[in-house]
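For reference, the structure discussed in these notes is given below.
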């Protein structure tokens with residue numbers, strides 16, 4: 001499996017004290033990919049890297065299902 005550059009950046013820039021198994025990494029990556037596609041964030045962009053940090057933070061806070069991550073990200077992106 002090819003490593004996503006956004007997650008490589010996050011690993012270097014942000015201490016993530018937990019570990020994830022391959023299934024969890026798949027959920028995290030899918031949530032990031034789907035949300036970026038939905039709101040038009042291009043691959044390999046700073047916006048995507050920032051969103052990857054947000055996804056990892058949510059996951060670290062216990063938001064661990066694809067559905068819950070997608071809801072949280074959609075809520076973050078909703079107009080106020």
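In full-length UniProt numbering, the protein residues as written are 1 to 80.
Note that the Cβ used here is the ideal one computed from N, Cα and C, for glycine as well.
Being a predicted model, the structure only gives us computed values, none of them experimental.
Quick check on DSSP: helix, strand or coil for residue 33?
helix
Residue 26 to residue 46, Cα distance in whole Å?
21 Å
Whole angstroms is fine: what's the gap from residue 23's alpha carbon to residue 77's?
26 Å
If you draw a straight line from the alpha carbon of residue 66 to that of residue 54, how long is it in whole angstroms?
14 Å
Count the other CB atoms within 10 Å of the CB of residue 48; is the residue buried (16 or more) or exposed (fewer)?
buried
Quick one: Cα of residue 33 to Cα of residue 51, how far?
10 Å
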